[in-house]
């Protein structure tokens, strides 16, 4: 009895597969048995802290493959195993029925069956013994017989002593926010309503109604710690800063404190705790940034010089990308001589902010730190706080991004901002939703970030911003934007060909008119409320692209049960585009000639439709897309 | 430093991947490192009995994937491992060059490099130390410098103490016959030149020139043991046999002996040894049949009743397929109480025939015996005789066939006889050549067997036999036929819809006119000599199908270095078919508009050709296909 090709597993069980608490999860395996015996199998899932596993019978899918569907309800580190065996009782019953129906004498077969049932009886709990006794009684009479079948069904759930047991495969169960959410990034110091002073955490509290109206689930703040003064960067990343320049929040640490402190210019730890509570009241989680590096004035530089790498002359090694040197940043030496104390201190940092109420972290450049460190850190955090979410900001080579997802990151930034053509978009979203990494890599697609003002937004129209928003919100259960630059359609870069914002908030305080006429905020809020109302948009496994005869229009559906959403986006920001699409109605569980209504969640328009073919025309002057719910006659 | 997605591996190293002695083997892995360090890696291959592994440097293929090419020369159980490390010396040299070229002061960098080289020096063998010393000397001068680069190259082959080592992955190295050969099956008792007596092993010796002229590499004989008399089957599988009926060779064992004996009607053990020697003199290996079952008169039934399963009344259990019972066959109880002794006895049987000179076995119905038995038996045999070949006759579900290949079978019969349409043929041969099982599952495609006279041959013309032969010989490095029924184009089945031969040699002696006019034997011999001359046809990894605008014509190529073979077969046995093909010349390493000549290995005809498009017309009245070698101007 061989158990092969078990899913969901990652690298043969080396890393956990991931799923969501409350979601149905299909566990499948090839159960390969020599000869012609029938096979029975169960799946056992062990929840964190559980004394014993819960058992689910597997059903055959044909071709030696079986499946059990389970629904974990707790978050945290689970495990599961498959147990399969050549089921002699089921095989005996099948064969005996065949002999019986052919008119053969089955006296011997019945004696043999009775012996098999007696052996099973010895291994059963008291309440099941009566089932066997009834079957033994019934074996004297004609077959098929329901009492005998009840005993056979019992055998199908009762592993024999020679059953094959798979390894225990780890399974990470996360909260729904791990896979579905709208992220909004904002610099607290740019949140001031008063143009004469920088913003504070208190100003962010005042902005919560705005953020809520946008439909955000997560409000992510860049680092809120004291900012280094030594080699501080000035506006537009200039090497010389004036006394009034605030510096980059990622140059962490000054006399006021390091990773455990709140920048006094922003407020206090209490202000943060208040913001977290107020945000949660609005249904918004506050995400903080974990950036494992220090400014030269970080207290740890003096207190723990052994936490940094040193050069041959005894000075601390700067960050560098040869031949460039970053004199305002010291990386931690996570594999250095005092590794254990440093790792423990960083775990302490995460727990400090968790204790302040934070459950979501965006992690800066995790790919420049060792994989074993992340595997240890995230496991330690999850052991106490199983629902904490880590978003990996690793814009690097694909296999490195995947390794980070394997070692524990809940989500990852993606290449979305650089996927622009129809075929790039289809290939990439198919890879995210259905590729070999989909058991552990969850993409969070961002329209822009403080580091990335994509060329298409710089060159684009209002329709470009709307199109990118619809692609992100309509195709990916998790997406994000950096505001208010996004909704205010900021498009000036520091230089031609650069993706850096001009006058970037990374290096200076900005004051924004959040309520400027023409802001996309009302549209974004409307879109996100529609998203929230449609379960089809909350997961990615149902994403499917459909044919449309125009290379500038993308057509897709997502589905959850009876909820079906049909999206169209035009990639042309200047000209009207139209086309005929051909929907794969069978894949949507619909009839080939079915008549239905599509209701545009963006404009409230309704159109009648029949069959697979349909015509759309998209105007960049209004909204360059549709997000339809499909309304069937029957529903 | 993570090592992922290593190939060739099977189930994460649970089973050996397979390769051929003397063939180049690419070993690849993803080497995933945090940060921006350069990665170095080696592959170590350990041959059977070797004291130390042989080491090969890996080269980067880009996208974090690396490859080493190795060529094992011995057959038997090898293992390999990948060792990879963040190469601080290579990284230091790259970074220092970048600083140097930017005009920065690199004094500190040179000091740090010297320290790294000193550390490497301490771990080196004597002869390499001079390389380091020369580099240390050269570090005072300008960079780049060849002495320093020699030391960096040395570092690339010298794993550091913190290098990551993959598990040891098993690798089975087989002789070329494991993947490439023409098999011919013949009943010795049908080999008599005298219609008044059955054939013997001596008659088979006399047939060797015929078999050699056919181009066979392996001559496979059904079981040659004494045949049981109890419940012996008569002609056409009838339940009543007359005294003169010889019975089925698969009903093994009688008073004259069991699996260790030669049927006295066929000859003696010496006759077999003589046949093996004579065949090898002709370049032909004799394959015997391993059928693990007994007739009721097998000596073991009385000597070792515990080697058989018993029913509730104490009688021995027959083979059955409910409601059918096979009263002439007792299966062995390979999981019974005397399991160890039975397994040892069966190993003894295999070694007995190996000692008689046999190196190739066709194994009857291995899927009705436990996988662990086969894994043990084949490993035991290979430990002493590493070049023995086992062909699995498992016509069963795909995953069972694959599991048998994983646990040790060298080759397997396939579904070829039931793949008839163009799309079925293309899909199936692509699966065999390129599917996920191709690292361990080697298909041997047969045109027919004593059990399978396919419907297309029953209904077909001479062209059908030729077409099936060309498909098998042209697409698969290993193929076989059951003769002389195949070359004499026997097509009568026992009943409509049945694949059983009428008057099957399984149950009666037949006498054949091997030299009948119209026999396909001369064509087969010609085809197999062409096959032998073309290395392209000796492996399957280069198989590629090309477009042709006719659903009755299959077009494919195989390639090995400069040897390129282009095949066409028409599946229409009655009408002339023609079509335009479009060859993927780029995939063949040829120029888009290249002019070349195709030379038909079957008819010696030559045609000029230019570019991808070409016209073919295939006539079932002559030969329904081409097997071209492609002759380029340059070669």
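Protein chains in written order, with our numbering: chain A, 1 to 635; chain B, 636 to 1270.
All C-beta atoms, glycine included, are put in the ideal place defined by N, C-alpha and C.
These numbers come from a predicted model, not from an experiment.
query: Nearest neighbour of residue 13 (chain A), chosen from A:144, A:439, A:544 and A:234 [CA to CA]; result: A:439
query: Chain A contact for residue 706 (chain B) (CB, 9 Å cutoff); result: no
query: Within 9 Å, strictly: CB atoms of residue 265 (chain A) and residue 189 (chain A); result: yes
query: Chain A within 9 Å of residue 779 (chain B), Cβ atoms only; result: no
query: Beta-carbon gap between residue 1232 (chain B) and residue 1242 (chain B) smaller than 9 Å; result: yes
query: Buried or exposed by the 16-neighbour rule on C-beta atoms within 10 Å, applied to residue 126 (chain A); result: exposed
query: Nearest-angstrom Cα separation, counted from residue 503 (chain A) out to residue 785 (chain B); result: 48 Å
query: Contacting positions in the segment 641-652 of chain B - beta carbon closer than 8 Å to chain A; result: 646 and 647
query: Limits of the beta strand (DSSP E) - the one that residue 1006 (chain B) falls within; result: Run containing residue 1006 (chain B): none in the beta strand (DSSP E); it sits in the alpha helix (DSSP H), 1006-1019.
query: Cβ pair residue 260 (chain A), residue 224 (chain A) closer than 9 Å; result: no
query: Beta-carbon spacing of residue 556 (chain A), residue 474 (chain A) below 9 Å; result: yes
query: Residues near residue 511 (chain A) by beta carbon distance below 6 Å, same chain, minus five either side; result: 195
query: 4 or more residues per run - each alpha helix (DSSP H) lying fully within the segment 378-449 of chain A; result: 398-407 and 422-434
query: Residue 16 (chain A) and residue 121 (chain A) closer than 9 Å at C-beta; result: no
query: Partner residues on chain D for residue 1003 (chain B), Cβ-Cβ distance less than 8 Å; result: Structure shown: chain D not included; protein chains present are A and B.
query: The segment 654-671 of chain B contacting the segment 637-644 of chain B, beta-carbon criterion three pairs below 8 Å; result: yes
query: Contact between the segment 946-957 of chain B and the segment 1024-1041 of chain B (3+ Cβ pairs under 8 Å); result: no
query: Between the CA atoms of residue 472 (chain A) and residue 193 (chain A) - distance to the nearest angstrom; result: 30 Å
query: Where the segment 932-961 of chain B meets chain A: residues whose CB sits under 8 Å from a CB there; result: 946, 947, 948, 955, 956, 957 and 958
query: Limits of the beta strand (DSSP E) - the one that residue 990 (chain B) falls within; result: Note, residue 990 (chain B): premise wrong, no beta strand (DSSP E); alpha helix (DSSP H) at 974-990.
query: Residue from B:1051, B:1066 and B:1264 whose Cα sits closest to the Cα of residue 1170 (chain B); result: B:1264
query: Cutoff 9 Å: residue 1270 (chain B) Cβ touching any chain A Cβ; result: Its pLDDT being 48, under 50, residue 1270 (chain B) is placed unreliably in this model, and the value from its coordinates should be taken loosely. It does not; no Cβ of chain A falls within 9 Å.
query: Residue 414 (chain A) and residue 435 (chain A) closer than 9 Å at C-beta; result: no
query: Best match in B:744, B:1199 and B:782 for proximity to residue 1165 (chain B) [C-alpha to C-alpha]; result: B:1199
query: Residue 1001 (chain B), buried or exposed, once every other Cβ within 10 Å from all chains shown has been counted against 16; result: buried
query: Chain B within 9 Å of residue 98 (chain A), Cβ atoms only; result: yes
query: Counted within 10 angstroms of its Cβ, other Cβ atoms place residue 856 (chain B) as buried (16 or more) or exposed; result: buried
query: Beta-carbon neighbours of residue 715 (chain B), restricted to chain A and to distances below 7 Å; result: Here the premise fails: no neighbours, minimum Cβ distance about 18 Å.
query: Exposed unless 16 or more other CB atoms sit within 10 angstroms - verdict on residue 343 (chain A); result: buried
query: Within-9 Å CB hit, residue 2 (chain A) to chain B; result: yes
query: Assigned secondary structure, residue 553 (chain A) (DSSP; H/G/I helix, E/B strand, else coil); result: strand
query: Distance between beta carbons of residue 547 (chain A) and residue 637 (chain A), contact taken as under 8 Å; result: Chain A is shown only over 1 to 635; residue 637 (chain A) falls outside these bounds and no answer can be derived.
query: Buried versus exposed, by CB contacts within 10 Å (16 or more), residue 708 (chain B); result: exposed
query: Chain A contact for residue 701 (chain B) (CB, 9 Å cutoff); result: no
query: Distance, residue 1194 (chain B) Cα to residue 1205 (chain B) Cα; result: 21 Å
query: Straight-line Cα distance separating residue 71 (chain A) from residue 19 (chain A); result: 9 Å
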